[in-house]
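6 protein chains.
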Amino acid sequence: MSGDTLIVINPNASQAVTDGIKLALDPLRGFGTPIRCLTLSEGPPGIEDQRQADLTIAPMLRLAAAQKDAAGYVIACFGDPGLHALRDQTPLPVVGIQEAAVMTALTLGQRFGVIAILPASIPRHLRAFGAMGVLDRLAGDRALGLSVADLADPDKSLDAMISTGKRLRDEDGANVLIMGCAGMAQYRQTLEAETGLPVVEPCQAAAALALGQIALTLSHKGTNDAG
Amino acid sequence: MSGDTLIVINPNASQAVTDGIKLALDPLRGFGTPIRCLTLSEGPPGIEDQRQADLTIAPMLRLAAAQKDAAGYVIACFGDPGLHALRDQTPLPVVGIQEAAVMTALTLGQRFGVIAILPASIPRHLRAFGAMGVLDRLAGDRALGLSVADLADPDKSLDAMISTGKRLRDEDGANVLIMGCAGMAQYRQTLEAETGLPVVEPCQAAAALALGQIALTLSHKGTNDAG
Amino acid sequence: MSGDTLIVINPNASQAVTDGIKLALDPLRGFGTPIRCLTLSEGPPGIEDQRQADLTIAPMLRLAAAQKDAAGYVIACFGDPGLHALRDQTPLPVVGIQEAAVMTALTLGQRFGVIAILPASIPRHLRAFGAMGVLDRLAGDRALGLSVADLADPDKSLDAMISTGKRLRDEDGANVLIMGCAGMAQYRQTLEAETGLPVVEPCQAAAALALGQIALTLSHKGTNDAG
Amino acid sequence: MSGDTLIVINPNASQAVTDGIKLALDPLRGFGTPIRCLTLSEGPPGIEDQRQADLTIAPMLRLAAAQKDAAGYVIACFGDPGLHALRDQTPLPVVGIQEAAVMTALTLGQRFGVIAILPASIPRHLRAFGAMGVLDRLAGDRALGLSVADLADPDKSLDAMISTGKRLRDEDGANVLIMGCAGMAQYRQTLEAETGLPVVEPCQAAAALALGQIALTLSHKGTNDAG
Amino acid sequence: MSGDTLIVINPNASQAVTDGIKLALDPLRGFGTPIRCLTLSEGPPGIEDQRQADLTIAPMLRLAAAQKDAAGYVIACFGDPGLHALRDQTPLPVVGIQEAAVMTALTLGQRFGVIAILPASIPRHLRAFGAMGVLDRLAGDRALGLSVADLADPDKSLDAMISTGKRLRDEDGANVLIMGCAGMAQYRQTLEAETGLPVVEPCQAAAALALGQIALTLSHKGTNDAG
Amino acid sequence: MSGDTLIVINPNASQAVTDGIKLALDPLRGFGTPIRCLTLSEGPPGIEDQRQADLTIAPMLRLAAAQKDAAGYVIACFGDPGLHALRDQTPLPVVGIQEAAVMTALTLGQRFGVIAILPASIPRHLRAFGAMGVLDRLAGDRALGLSVADLADPDKSLDAMISTGKRLRDEDGANVLIMGCAGMAQYRQTLEAETGLPVVEPCQAAAALALGQIALTLSHKGTNDAG
């Protein structure tokens, strides 16, 4: 039996990231469905590799199961850890932010560019895009090239995002950009203005998609592994 | 300057089809954005080939331009005639029902099956799926196999949709179905029940996507031909 | 009932472009089939975006229908506007210059590079190459990078074509080049000499293909939308 | 220095096949370039596997080199043995019938079906279509299913071609057919009539393409291995 | 610091499956590297969906880390759960049986067919093949169509494998078969004899590959997420 | 009837290359199967284009047939000349070094980069990767950019390989490198150290794969052209 609330799970343990996601979803509050953003306390401070991502799945599945008022779920880590596992667990709509960002971007430009935080994420992204079957639409996937210390500096992060976005546009031919990480929505408007390209913030894209699926009672229907 | 209303244009001249679309969008009325469905009076009674589709573009562009309160557009013909032309004409969100149906389906199952009305539409669909770069995800595209006379009979149409959906599921391996036509939303629930698969009604998928883009001020940005 | 003449329609209103096409086809005059080049007076001076391209379709279809001695058609705009619509209208051979240029290039080198006039054309090209299913063979698609004023200067145009061709060869790995526009045949020989690569002029490629199809009575057979 | 004649080499030793090719090219005699069809006496009676095909390359290259009046070449075995080797040997146009048939078919229908003589040829075809990058356009590749004895019977061959063509059309969704063998041109007209689809005879397609390239002085330019 | 033993981990809790794997690897005992097969006691009796697969990763990573004499690892579940996570954890060679089976099959036939145990596994396989980028080589993926009860009956299982293998060969055009499950090696010889096709047993393929990588000191080099 | 020895054929006439191959296979001597490396005396000093490659096939097939103790074969030229021809000739395992290198690389990194000796080889490689269906995994294929004289200088060759490997890593995003030539194994260790990436030496990869197939009695089964 489904509830009435969209549950957004940040699988890392950073409350600041969850707060950023919450803020990013403000424009979607008028859609008539409550949205609740949760932090996975068992998660790592940040998810940097596939090992960390995979280890969030077990506690994420438990957290999801405990939300009795859920009408649907968003898994808010670019990499979509546990996306298909949660679909095995529930017939409710389950949306991953990476998948949703890509599908949204494909309606906004012919080739999408991805701004990755760390270079090591790129092979992970490529595996996912291959599984999605959308590599023909990928312009490029580039990392910010910042040290961990510099990533903590908002000015340096924004500057790096802008220059990375411009390289994706100018060298790789991207017509639309995807922010390859949750919790960076505050940079979206500036990034659009500086690059002149549409910018997809993945949590926004995923929540919008999930709200549509909830309203339309559209889901994977609980068929095992249908995704 | 953008308005506040989502404009849904049915490019054929059938008011009955437009009425069906209108009804299909009822679940999305609570999203806070008015939706207005228009019939293209200059269109043909139904769109059966690429020639008819292409000839709707000029009057459709004029009709779209005349909607001064538009916040975004949906072109409600599977085939998306004039999708990129309208994006050249306006910086507002423009969503085609074919493109939106595919992107939505890709989040609901690994391989999508398409129920086409007429066999002659299939090459047109395949060109579009190739342009979208999603052919690796296509399970199959099958026509109903009805005569024009039988298509007017709702019982025969529903029966043919169910049997076509089952073939897409059983012979082609589809995990999700797309109705390859506007105005068939009334069959969606039965089709889901009979096949056990999620069924994407393209006008619903497109309107949900457009409402999300309007709320998030997300569009192709008016860059010429960025789509 | 078919006539005996190959009709080549330039869908923009520039007689100079039509004259250039006519000249480009001189080497094919000995094939035994008369060739007549027509200017679409209702077309724009030049076709720069999808909207302009789509709006040429209705008058182009009328112009084509009026050619009672037609044995086949070439649509001489890179972008192939109305290609499938005209195939719906007639069972005679119908060749688009973009499609013909690509198919010809694929027999001359492993990866083709495209010289686009304007950057905004590139997403349109990529959609077409995706629909053709040939993206694995694309080396790159690069625009000349000239202002509209400079495009009118033949020396600047030729210089830009050569430097763009060399970048496609050296940076993108193109083994064959396609001129992404009608009416530039006069530059072909120099471009081949400067780059050392075969260069496909699309109107020549299309007319040669159409003449072969006419001689062999080979066409899409008038099956609706078979293309 | 190039001559004035198109040289068509049948790499098997069957003069009857060469005679069939010669007849098939009659419609192209009016293009102004003489066509000479040669039998490779060192070839096997028929080419059934990759080993036989590869072993024709050395004598074929010698035969080609001996044609001092050559303006271009067609290698008339579906499988294109030695295509790139001959391009390494000469800067003149060199066209393979398999490659030419595919490129021609791609302008006549969205998905092509191939009628193979023997089942063992199909993996060889698939490797070639993969190298050409056109697998997204392949509807299917089906063998006639005849014994060698029955292949010698024209009536049985024609019947098998028609039924194979209909399966490619009805079960695989082919919009255009390719005869996967040289020397079957006499069946083309009947096959078109029976299936209602365009049928590409590969020697015709290759000769037409080669004649166009000769007239346009268009070739791979002798760049080593550019093809 | 690496040890001298290849560690093969069966991530389900069935000792019978592990015993079957052990037996299957007998032909590779002469390669000079000891092989030790382990059962993951925390695993489920069998892995049927993505949720179960993902939940094995955490205990599998711990079990792997505890093998101090490891020279390399094989993860012996078709689906390769935790493959990239384990590569993040160790610089030693890590081979998944699904990946190894596919790469081996690609050297034995042009198109591979997969015999799946359960229909629900197929979308999971397709995601993996998409991530591997090998979908153009897939002939088909078909499930045995047995109930869980019948799967326990060796005769019924073997019969179903043979008939599924024949359908993959005859209807889908497979030239090589992959057994889509660990622990079925005892059927390989009969399946090859009955279908006439090479049959890849994935644990054998993976162990052979891993032994080669160990001997050649070839691994992913511990680069984070390089896989 | 099969023998007990793996036969490795270097299809060029250089004994120095054969000696290098022999040395490269030392780490695989402990696998229990004797390995014999042969030089094709009829081959050219080096294989630089498709013509030279194709002309080695006939004598290579003869040399292979004469090895009565063969348990399997490796064709040790990147380009795999005669791979499928030899499979037509024998039911024993036949491995090409190009194919084996690619399949091995695909288990070591998400995108592979190829170091080509000469620029003219690249189109040949691309055709092969297309036939293998692995182009989605290709990061780039770059030539050393050395003159023939400089290629004879080991220091210049190693320097060029390192700088080419770094460009493939940094500009093209390669996670694993393939040496696109036989006989360069002595550079592998340094190249791995300098680039930090796994490096696949193709003869090693092929011999390891062949030894596994011999031990497992796994081959293409002599089905004509099954490969």
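Protein sequences, first through last, are from chains A, B, C, D, E and F.
Our numbering numbers the first residue of the first sequence as 2 and each following residue consecutively.
Our numbering numbers the first residue of the second sequence as 2 and each following residue consecutively.
Our numbering numbers the first residue of the third sequence as 2 and each following residue consecutively.
Our numbering numbers the first residue of the fourth sequence as 2 and each following residue consecutively.
Our numbering numbers the first residue of the fifth sequence as 2 and each following residue consecutively.
Our numbering numbers the first residue of the sixth sequence as 2 and each following residue consecutively.
Where a beta carbon is used, it is the ideal one built from N, C-alpha and C, also for glycine.
Computed from a predicted model, the values in this text were never measured in an experiment.
Applying a beta-carbon distance threshold of less than 7 Å, which residues of chain B neighbour residue i?
i         : result
Arg-128/C : Ala-132
Alpha carbon to alpha carbon, how far is residue i from residue j?
i         : j         : result
Phe-79/B  : Arg-128/B : 13 Å
Val-115/F : Asp-173/F : 11 Å
Ser-122/B : Ile-36/F  : 58 Å
Ser-164/C : Lys-222/D : 19 Å
Ala-65/F  : Gln-214/C : 46 Å
Ser-148/A : Cys-182/A : 16 Å
Thr-19/E  : Leu-119/B : 53 Å
His-85/A  : Arg-52/E  : 7 Å
Glu-100/E : Ala-54/F  : 31 Å
Arg-189/E : Glu-202/E : 7 Å
Ala-216/E : Gly-83/A  : 35 Å
Asp-142/E : Ser-220/F : 21 Å
Gly-146/B : Glu-49/D  : 40 Å
Cys-38/D  : Ala-153/D : 23 Å
Leu-192/D : Gly-166/D : 8 Å
Phe-130/E : Gln-187/C : 48 Å
May I ask which residues mark the beginning and end of the alpha helix (DSSP H) holding residue i?
i         : result
Phe-32/B  : Looking at the DSSP string, Phe-32/B is not in any alpha helix (DSSP H), and its letter there is neither H nor E.
Ala-25/F  : 16–25
Ala-209/F : 203–216
Leu-93/C  : Segment: none, Leu-93/C is in no alpha helix (DSSP H) and carries neither H nor E.
Where do the N-terminal and C-terminal ends of the beta strand (DSSP E) with residue i fall, by residue?
i         : result
Phe-113/B : 113–117
Asp-177/F : First, the residue type needs correcting, since residue 177/F is Val and not Asp in the sequence shown. First-last of the beta strand (DSSP E) with Val-177/F: 177–180.
Asp-142/A : 139–144
Gly-73/B  : 71–76
Thr-219/F : Per the sequence presented here, residue 219/F reads as Leu, with Thr not at that position. Careful: Leu-219/F lies outside any beta strand (DSSP E) and carries neither H nor E.
Leu-7/F   : 6–11
Under the assumption that residue i contacts residue j (Cβ atoms under 8 Å), give the Cβ distance between them as a whole number of angstroms.
i         : j         : result
Asn-11/D  : Leu-56/D  : So it is not a contact: roughly 15 Å between Cβ atoms.
Leu-87/B  : Val-95/B  : 5 Å
Ala-161/A : Leu-29/A  : Contact doesn't hold; Cβ gap of about 28 Å is too wide.
Leu-178/E : Leu-159/E : 14 Å between Cβ atoms; not a contact.
Pro-46/C  : Ala-67/C  : Incorrect: roughly 22 Å between the Cβ atoms, too far for contact.
Please tell me whether residue i and residue j are closer than 8 Å, where the distance is taken between their beta carbons.
i         : j         : result
Leu-7/D   : Cys-204/D : no
Met-61/B  : Leu-107/A : no
Phe-32/F  : Gly-33/E  : yes
Arg-112/B : Asn-176/B : yes
Ile-22/A  : Ala-77/A  : yes
Leu-169/D : Ala-207/D : no
Asp-137/D : Gly-134/C : yes
Check the Cβ of residue i against every Cβ in chain C and list those closer than 8 Å, keeping chain order.
i         : result
Gly-197/A : Within chain C, no residue comes near Gly-197/A; the closest Cβ sits about 12 Å away, beyond 8 Å.
Phe-32/D  : Gly-31, Phe-32, Gly-33, Leu-212 and Ala-216
Just the chain A side, please: which residues come within less than 8 Å of residue i by C-beta, in chain order?
i         : result
Arg-112/F : Pro-124 and Leu-127
Ala-14/E  : Residues of chain A passing the Cβ test: none, with the nearest at roughly 17 Å.
Taking C-beta pairs closer than 8 Å, name the residues in chain D that residue i reaches, listed in chain order.
i         : result
Asp-142/F : Residues of chain D passing the Cβ test: none, with the nearest at roughly 13 Å.
Could you tell me which chain F residues have their CB closer than 7 Å to the CB of residue i, listed as they occur along the chain?
i         : result
Asn-176/C : Pro-124
Chain C partners of residue i, CB-CB under 7 Å?
i        : result
Gly-83/B : Asp-55
Can you list the residues of chain D that residue i reaches, using a CB-CB cut of under 7 Å?
i         : result
Leu-136/B : Asp-137
Checking contacts by CB at 8 Å: is residue i closer than that to chain H?
i        : result
Ala-77/B : The structure shown contains no chain H; its protein chains are A, B, C, D, E and F.
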